[in-house]
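Enquirer: Note that the working numbering has the sequence shown beginning at 9, numbered continuously upward.
Quick reminder that beta carbons are idealized off the backbone N, C-alpha and C, glycines included.
As the structure is a prediction and not an experimental result, all values here were calculated from the model.
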Amino acid sequence: MAINKIERVLRDQVTQLTQKLSKITQAEEIYPLRSLYTGKESELQKALGLLKDLPKEERPTAGSLINATKRELEQAISEKLTKLLSEELAAQDAVRDIDVTAPFHVNMPDVPKLPRVGSLHPLQHEINRMLTIFTTMGFTPFEGREVDSDYYVFDSLNMPKEHPARQNWDTFRTEDNLIPTPHTSNMQVRVMRKMKTAPLRAVIYGRVSRNEAIDAVHGHTFYQIEGLYIDKGVSISNMIATINAFVEAFFGRKVTGKVQPGYFPFVEPGIEYMGQCPFCEGAGCGSCKHTGWLELVGAGMIHPSVLREGGFDPAVYSGFAWGLGLDRMVMQRNGIQDIRSLFSSDIRFLSSAV
Ligand code: FA5
């Protein structure tokens, strides 16, 4: 082939490619053109193969013509590709609402999602918070027992056999006559015997079970946090101040509290600590059953027989104890309507509750 014929073929290639590129609207249509006009089977490559058949003096001119055409073809392809890709990205950005603070997969829906990372159960999260508050106040944490003997659950707490108050903590029994603990108070005497010396400040968290008719605020299995404080000259006002300080730290705001009499055989006197409902501030709402108050804690001054059972002389020492219902406080703090949600395995609830 003569040099002018090669020149014509190459010019024709440039014209053809320019026309085709002008009609293309999608970046992906360009890739086949690239191989057609610059790949191994292209006219350009064939022209290169013909160089050896040209007269020697024409070869440099033909060679630089082929190289110049190659650059021209590649440049046309690359400019068009860049233009189409940036138009496509701009179009995607226009319809996509970009949140620059979000994890990357939120803005890039085509990218596979990051694996789900687990989180603490809402109850465990709140147990940790409560324990942090109490340890900051100087209390030593203990874990309760889920199964215990008749002695620790009842007798040690001033409830001998046939005591009618045992019915308040009706529960189940194993065949070996062990009791799934109905309250964390079973740990009181055990902790007193373990710590032995005053001042004694202990907080016990545990899962408890009761033979209970279940509803939105009653579970058959729930959590309690028990507290014990024993020293010389401990008074009921120390107890109320301690509970007040905890409740305010837990809810993160000032909570008006009130105390009303309550009966528990292991304390004298016994009280129920009511907090003004944090949702309606006393006006009355669904969360507080329209009373304006929430029963937060059962508490009282430790009964002399229980102190004695734990190894403390009631003539020298006094102290207070409380038992709070963790689930109910978590419900109140987080606006959770039904205690059963805390035992469900609904991942949407579990990952959003706290
Ligand atoms: C007791 O269990 C006493 N041991 C508390 C105590 C400890 C009093 C130390 C004095 C000294 P009570 O049965 O009221 O008390 O339960 C305490 C708290 O547990 C209640 O205020 C409530 O918040 C929670 N609670 C009781 N029953 C249930 C239930 N079925 N479901 C969820 N929470 C419950």
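Quick check: does the Cβ of Trp301 come within less than 6 angstroms of any heavy atom belonging to the ligand FA5?
Expert: Trp301 Cβ: outside cutoff for every heavy atom of the ligand FA5.
Enquirer: What residue range does the alpha helix (DSSP H) around Asp105 cover?
Expert: Note, Asp105: premise wrong, no alpha helix (DSSP H); not H, not E.
Enquirer: In whole angstroms, what separates the C-alpha of Val22 from that of Lys91?
Expert: Roughly 19 angstroms between the two C-alpha positions.
Enquirer: Can Glu317 and Glu280 be called in contact, C-beta distance under 7 angstroms?
Expert: The answer is no: Cβ separation not under 7 angstroms.
Enquirer: Using the rule of at least 16 other Cβ atoms within 10 Å of the residue's Cβ for burial, across every protein chain shown, is Asp365 buried or exposed?
Expert: The shown model of the chain, from 9 to 362, leaves out residue 365, and the question about it has no answer.
Enquirer: Since Glu234 is in the beta strand (DSSP E), which residue starts that stretch and which ends it?
Expert: Per DSSP, Glu234 belongs to the beta strand (DSSP E) from Thr229 to Asp239.
Enquirer: Is the beta carbon of Thr192 sitting closer than 7 angstroms to the one on Ile212?
Expert: Against a cut-off of 7 angstroms, the Cβ pair of Ile212 and Thr192 comes out as a contact.
Enquirer: Between which two residues does the alpha helix (DSSP H) carrying Thr143 extend?
Expert: Element bounds for Thr143: Pro130 to Thr144.
Enquirer: Less than 7 angstroms between C-beta atoms, sequence neighbours within five positions excluded: which residues of the same chain meet that for Gln232?
Expert: His191, Thr192, Gly214, Val216, Gly331, Leu332, Gly333 and Leu334.
Enquirer: What does the Cβ neighbour count give for His311, buried or exposed, with the cut at 16 atoms within 10 Å?
Expert: The residue in question, His311, is buried, as its Cβ has 16 or more Cβ neighbours within 10 Å.
Enquirer: So, is Asn166 buried or exposed, given that buried needs 16 or more other C-beta atoms within 10 angstroms?
Expert: Buried.
Enquirer: Within 10 angstroms of its Cβ, does Ile347 collect 16 or more other Cβ (buried), or is it exposed?
Expert: Ile347 should be labelled buried.
Enquirer: At the level of alpha carbons, what is the spacing between Glu95 and Glu289?
Expert: Roughly 57 angstroms separates the two Cα atoms.
Enquirer: In whole angstroms, what is the alpha-carbon distance linking Val255 and Val263?
Expert: Rounded to the nearest angstrom, the two C-alpha atoms are 7 angstroms apart.
Enquirer: Within 10 Å of its beta-carbon, does Ser360 have 16 or more other beta-carbons around it, so buried, or fewer, so exposed?
Expert: When all chains shown are included, Ser360 counts as exposed.
Enquirer: Going by the DSSP bridge assignment, what does Pro269 pair with across the sheet?
Expert: Per DSSP, Ile279.
Enquirer: Out of Gly57, Thr77 and Glu36, state which residue places its alpha-carbon closest to the alpha-carbon of Arg16.
Expert: Out of Gly57, Thr77 and Glu36, Thr77 has the C-alpha closest to the C-alpha of Arg16.
Enquirer: Cα-Cα, which of Ala291, Gly71 and Phe287 is closest to Thr299?
Expert: Answer by Cα proximity: Ala291.
Enquirer: Got a sec, what are the start and stop residues for the alpha helix (DSSP H) Ala253 sits in?
Expert: Segment Ile244 to Phe259, the alpha helix (DSSP H) holding Ala253.
Enquirer: Which first and last residues belong to the alpha helix (DSSP H) in which Tyr5 is found?
Expert: With the chain covering 9 to 362 only, the question about residue 5 has no answer from this structure.
Enquirer: Taking the beta strand (DSSP E) that Ser217 falls in, what are its first and last residues?
Expert: Per DSSP, Ser217 belongs to the beta strand (DSSP E) from Leu208 to Ser217.
Enquirer: Kindly indicate which three-state DSSP category Pro188 falls into: helix, strand or coil?
Expert: Note: Pro188 maps to strand in three-state DSSP.
Enquirer: I'd like the span of the beta strand (DSSP E) that includes Thr26, first residue to last.
Expert: First-last for Thr26: Ile11 to Lys31, but that is the alpha helix (DSSP H), not the beta strand (DSSP E).
Enquirer: Once DSSP output is grouped into helix, strand and coil, what is the label at Leu304?
Expert: Note: Leu304 maps to strand in three-state DSSP.
Enquirer: Kindly indicate which residue of His226, Met247, Phe230 and Gly227 has the alpha-carbon position closest to the one of Leu236.
Expert: Comparing Cα positions, the closest option is Met247.
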